[in-house]
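All remarks here apply to the structure that follows.
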Amino acid sequence: MKGRSTIVLLIAIVVLGTFIGIQESWRTRNSPAVIRRIRLFDLDPTSLGMVEFHLTNTVVRFSKENGVWMAGGTDAGMGRADVELIHRMVSGLNSMGKGTTITRKHLEIRGVDPSEYGFDNPLVEIRATDNEGKHCWVVGRRTPLGDMVYVKQEGIDDIYTVPHKLLSIVPSRPDLLRDRELFSGKAAGVRRIEIRGEAGFVQLVKDPQAGWRLQQPVTAPADPREVEEFIKKLYRLRIQDFVADNVSDFSIYGLQAETRQISLGGGDGTSRMLVIGGDVPDRPGFVYVRRSDDTSVFTLSADVLQLLNTPAKRIRNARVLDLMLGDITSISVKKGTEQLALALEPSVGWKTVSPVAWNADPGAVAGLARLWVDAVVIEYDVAINNVAPEWVFEYGSTLLGTTNHIEVLPSAGTHDGLLIRKGNDKTVHQVNVAEIPDEVVYPLTYKDSKVWDLDVETIGKISVTKDGQSRQVVTRLEDRSFVLEGTNGNVRVNSPAFAKLLAQLAVVRASGYIDYNPPDLAIYGLDHPALELHVGFASLNELGRVLLVGREVPEGFYSMVKGRDVVFLLDKSVVNALSANLLSDPQPPRAITGE
45 MKGRSTIVLL IAIVVLGTFI GIQESWRTRN SPAVIRRIRL FDLDPTSLGM VEFHLTNTVV
105 RFSKENGVWM AGGTDAGMGR ADVELIHRMV SGLNSMGKGT TITRKHLEIR GVDPSEYGFD
165 NPLVEIRATD NEGKHCWVVG RRTPLGDMVY VKQEGIDDIY TVPHKLLSIV PSRPDLLRDR
225 ELFSGKAAGV RRIEIRGEAG FVQLVKDPQA GWRLQQPVTA PADPREVEEF IKKLYRLRIQ
285 DFVADNVSDF SIYGLQAETR QISLGGGDGT SRMLVIGGDV PDRPGFVYVR RSDDTSVFTL
345 SADVLQLLNT PAKRIRNARV LDLMLGDITS ISVKKGTEQL ALALEPSVGW KTVSPVAWNA
405 DPGAVAGLAR LWVDAVVIEY DVAINNVAPE WVFEYGSTLL GTTNHIEVLP SAGTHDGLLI
465 RKGNDKTVHQ VNVAEIPDEV VYPLTYKDSK VWDLDVETIG KISVTKDGQS RQVVTRLEDR
525 SFVLEGTNGN VRVNSPAFAK LLAQLAVVRA SGYIDYNPPD LAIYGLDHPA LELHVGFASL
585 NELGRVLLVG REVPEGFYSM VKGRDVVFLL DKSVVNALSA NLLSDPQPPR AITGE
């Protein structure tokens, strides 16, 4: 019910607050005398010092003390008020216009006493103090139609009717005006966090360049996502109940030792600290809390204990690689004497640059990047003797101007995850990566599948030699047609087979890579290839291509482009298209007929 009352009050004030802009504009165009003649309330927010609402059974008061708005009642102490709510309330009061005016003369004519308008037993009495002195308004009963109430200002005989919405502005309890936010300012402005809980003392500081870093209990990078989520959860917490104000003995609530604290500091030097006490009796799920610079005690959801007991391990940056996948522009891998280097060229894409140079498959490179992008630390500061790394990885970003260095130590029989060192940090951590495949450092792992990509319109000659058969040569004529070389007119180009060969020549892709710089071509049947295909170009400035097809295996045919020394597999369907017979059946001689 308390929460519902607060919501109703807020809604009422928000609705009334829509008139603020109109009110202020109207105020600038009219004199104070005109304003007082039309408006019931004319409170100056800049000089307002106090407002009290005297209801039947309680008094609600808010006042400014040493420049700070406080709210409470006569029986209870005063605590920090919700400043925005106070301003909206004052604006709402100032928006109340006078309706009907009932003068003393009207009362005399009707023979009516002011008490008959409910002023002897008022619904509420509103008192205020500002730079013009003290003011008092008494709100009597509702008008017969019920959409207005009678109001009389102290020292003035006239009685006014005012919209009954005035009653919705009046708070029924002091705590409805209290500040329920734990931390002021913007969450994005937090620059320091200190936590004292069961997990020990945790201190974080946001560096302008390096971002969030742990200072205690260790010095290490913090996970920015975890830190931001921690701050958001704190800012979402709201005070449930205000228990007591002007408290001198906090031990009653378990708040005396200040051993359980959460403190946030802003970039402007401001700070606020929460002190968390004991559980609230008979209210499971709630604890006592106070602000270190205040003497009020309130209750808060026990969810705050989860934040209080946050271990440094949870906030510490568990990511192995600080770079995101899209930031990486270079990768190098080293294992013993084997080395691999890849680079992203803006106009070309990923390339293998060492130990050989060729276009790289972006999916394969992404797999190498994700090896560490997705890796996380599962155990920090593992005790181990100083040993030389087995693997060394470096991920660079020209976009950010940074490089991440990772050393992978020998596993020493552990199966829970690899041991690594990051950057210049000599401490050893265990990660959730079980092993690194040997092919990670192998260049062919990243070679793209494209053997070549040709424009068939530039092809001037094609020569096909199959094992045990004579060579077939097709040449393009000036009219762009193809003819067979070295044959008589009875043998023509097998048009369907040749069209299929041309289509296949346009883009040749490997189905898998086997070896590069092979020590012995005979292993793959490439010393005496079963098929040798030469492609010549019409332009003398462009070198031709020679494709060698060797031994057949279940996965396809071992193949190689002459001069590139990379053995790969071609699908059997591709080889069948490239090795088709280019000669059509000889045409029978034309019969000579006579008359």
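Position in the sequence shown (from 1) plus 44 gives the number in my numbering.
Cβ atoms here follow ideal geometry from the backbone N, Cα and C, with glycine treated the same way.
**Message:** Classify Q300: buried if its beta carbon has 16 or more other beta carbons within 10 angstroms, exposed otherwise.
**Reply:** The C-beta of Q300 has fewer than 16 other C-beta atoms within 10 Å across all chains shown, which makes the residue exposed.
**V431 burial status per 10 Å Cβ neighbour count (16 or more: buried)** = V431 is exposed by the Cβ-count criterion.
**Item:** Other residues of its chain near A404: CB distance less than 8 Å, five sequence neighbours each side excluded
**Value:** The residues are L386, G393, W394, K395, T396, Y490, K491, D492.
**Message:** Quick check: what's the CA-CA separation for V484 versus V377?
**Reply:** One C-alpha to the other measures close to 8 Å.
**Asked** Got a sec? Which residues, its chain only, sit under 7 Å from V475 by beta carbon, not counting five neighbours each side?
**Response** The residues are V364, A419, V420, V421, I422, G461, L462, I464.
**Request:** Helix, strand or coil for G638, going by three-state DSSP, please let me know.
**Result:** Because the pLDDT of G638 is 41, which lies under 50, any placement of that residue in the model is unreliable, and the number read from its coordinates should be weighed accordingly. Secondary structure of G638 (DSSP, three-state): coil.
**Request:** Tell me, please, which residues DSSP counts as bridged to S376.
**Result:** Answer by DSSP bridge pairing, in chain order: A385, E438.
**Item:** Touch test, the stretch 590–605 against the stretch 572–582, Cβ-Cβ under 8 Å, three pairs minimum
**Value:** Short answer: they touch.
**Request:** Ignore the nearest five residues each way along the sequence and tell me which others in E389's own chain have a CB closer than 8 Å to its CB.
**Result:** The residues are K395.
**Request:** In the DSSP assignment, find the alpha helix (DSSP H) that holds V618 and state where it starts and stops.
**Result:** 616–622 is the extent of the alpha helix (DSSP H) around V618.
**Asked** Given a threshold of 16 other Cβ atoms within 10 Å of its Cβ, counted over all protein chains shown, does N74 qualify as buried or as exposed?
**Response** Confidence at N74 is low in this model, with a pLDDT of 45, below 50, so the placement of that residue should be treated as unreliable; the coordinate-derived value is given next. Exposed.
**In chain order, each alpha helix (DSSP H) run of at least 4 residues that lies wholly inside the stretch 495–583** = Segments of the alpha helix (DSSP H) lying fully in the stretch 495–583: 539–550.
**Item:** Neighbourhood of Q259 by C-beta, 7 Å cutoff - its chain only, sequence neighbours within 5 removed
**Value:** Only Q247, L248, V249 meet the Cβ criterion.
**Request:** Name, in chain order, the residues that DSSP records as bridge partners for P265.
**Result:** Per DSSP, the beta-bridge partners of P265 are R257.
**Asked** Going along the chain, which residues of its own chain have a beta-carbon closer than 6 Å to the beta-carbon of P268, five neighbours each way excluded?
**Response** Taken in chain order, the residues that qualify are G255, W256.
**Message:** By DSSP's criteria, S336 is part of a beta bridge. Which residues make up the other side?
**Reply:** S336 pairs with nothing; no bridge assigned.
**Asked** By the 10 Å Cβ neighbour count, where 16 or more other Cβ atoms means buried, how is M368 classified, buried or exposed?
**Response** With fewer than 16 other Cβ atoms within 10 Å, it is exposed.
**Message:** Suppose contacts are defined by Cβ-Cβ distances below 8 Å. Is R335 in contact with L318 by that definition?
**Reply:** Yes, they are a contact pair.
**Asked** What is the DSSP secondary structure of S628, counted as helix, strand or coil?
**Response** Secondary structure at S628: coil, using DSSP grouped into helix, strand and coil.
**Collapsed DSSP secondary structure at L591 in the structure displayed** = In this structure, L591 counts as strand in the three-state DSSP scheme.
**Request:** Counting only the same chain and skipping the five closest in sequence on each side, list residues whose C-beta sits under 6 Å from that of G600.
**Result:** Closer than 6 Å at the Cβ level, and outside the excluded window around G600, lie S555, L613, L614, D615, K616.
**Reduced DSSP secondary structure (H/G/I, E/B, other) of F14** = Beyond the ends of the chain as shown, which are 45 and 639, falls residue 14; an answer cannot be given.
**Prompt:** Looking only at C-alpha atoms, which of L281, W435, N429, G467 sits nearest to T446?
**Reply:** Nearest C-alpha to T446: G467.
**Request:** Drop a sphere of 10 angstroms on the beta-carbon of K196, count the other beta-carbons inside from all chains shown, and report buried for 16 or more, exposed for fewer.
**Result:** K196 comes out buried.
**Prompt:** Between P433 and V271, what straight-line distance do the alpha-carbon atoms span, to the nearest angstrom?
**Reply:** Cα to Cα, P433 sits roughly 32 Å from V271.
**Message:** Measuring alpha carbon to alpha carbon, tell me which residue in L488, G329, G233, K379 is nearest A401.
**Reply:** Answer by Cα proximity: L488.
**Request:** State the Cα-Cα distance for the pair R132 and R186, rounded to the nearest angstrom.
**Result:** Separation of R132 and R186 (C-alpha to C-alpha, rounded to the nearest whole angstrom) is 24 Å.
**Request:** Out of F286, P207, I130, L211, point me to the one whose CA is closest to R123's CA.
**Result:** Checking the displayed sequence, the identity of residue 123 turns out to be Gly instead of Arg. Nearest of F286, P207, I130, L211 to G123, Cα basis: F286.
**Message:** Let me confirm a value: G370 is counted as buried when at least 16 other C-beta atoms fall within 10 Å, else exposed. Which label applies?
**Reply:** The residue in question, G370, is exposed, as its Cβ has fewer than 16 Cβ neighbours within 10 Å.
**Item:** Three-state class that DSSP yields for A413 in the structure shown
**Value:** Three-state result, A413: helix.
**Message:** Is it buried or exposed, A356, if we count other Cβ atoms within 10 angstroms and call 16 or more buried?
**Reply:** Under this definition A356 is a buried residue.
**Request:** Answer yes or no: do S628 and V527 have a C-beta to C-beta separation smaller than 8 Å?
**Result:** S628 places its beta carbon 8 Å or farther from that of V527.
**Prompt:** Roughly how many angstroms separate the alpha carbons of R240 and F85, rounded to a whole number?
**Reply:** Distance from the CA of R240 to the CA of F85, rounded to the nearest whole angstrom, comes to 49 Å.
**Request:** Express the C-alpha separation of S91 and N138 in angstroms, rounding to a whole number.
**Result:** Rounded to whole angstroms, the gap between the alpha carbons of N138 and S91 is 14 Å.
**Neighbour-count burial assignment, V4, 16 or more Cβ in a 10 Å radius** = Outside the displayed range of the chain (45 to 639) lies residue 4, so it cannot be described from this structure.
**Message:** By DSSP's criteria, T100 is part of a beta bridge. Which residues make up the other side?
**Reply:** Answer by DSSP bridge pairing: none, since T100 is not bridged.
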